[in-house]
């Protein structure tokens, strides 16, 4: 009787070990794809299992159809996270007086930015874009969110995210 139980266990045990190894593996397709994998170029994994890498801010903004505005200074690292979707983020300081013009120039078909879409975010101005809300059709992102904080009379902090769903 013990032999009847041992044989299936010996067959299933290697399959179980292989399955666990695949599930908990630290590698993914991006590791082989050129940007560097976990531990390279500032990349890592978030709690949700997404890989996070530092990227040029121009790449993060371009994913959402934008460019760094004149007079802007990036703050911190711009990043991309990926798992089943892609999420770029960038933050920069710029002259407060140029924010509205930059948004209008970048997203001419978008609704006017305001506070209505901030929804609890600590921001003075917000803009949420999607295919039906003024996001240009030729960008890779499915949605863009811009949050603006007026830090002082002359400076604004802009937080930009562009992502797929």
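Residue numbers (the working numbering): 38 to 202. All residues carry an ideal CB built from backbone N, CA and C; glycine is no exception.
query                                                                                                                                                                  : result
Just to confirm, are residue 128 and residue 194 a CB contact at a threshold of 8 angstroms?                                                                           : yes
Count the other CB atoms, across all protein chains shown, that sit within 10 Å of the CB of residue 101; report buried if there are 16 or more and exposed otherwise. : buried
Let me make sure I understand the geometry here. Which of 106, 99, 131 has the alpha-carbon closest to that of residue 117?                                            : 99
Quick one: grab the DSSP three-state call for residue 120.                                                                                                             : coil
For residue 202, count neighbouring Cβ atoms within 10 angstroms of its own Cβ and tell me buried if that reaches 16, exposed if not.                                  : exposed
Which term fits residue 142, buried or exposed, when burial requires 16 or more other beta carbons within 10 angstroms of its beta carbon?                             : exposed
In whole angstroms, what is the alpha-carbon distance linking residue 153 and residue 161?                                                                             : 10 angstroms
Sort out for me which residues DSSP pairs residue 185 with in a bridge.                                                                                                : 162, 195
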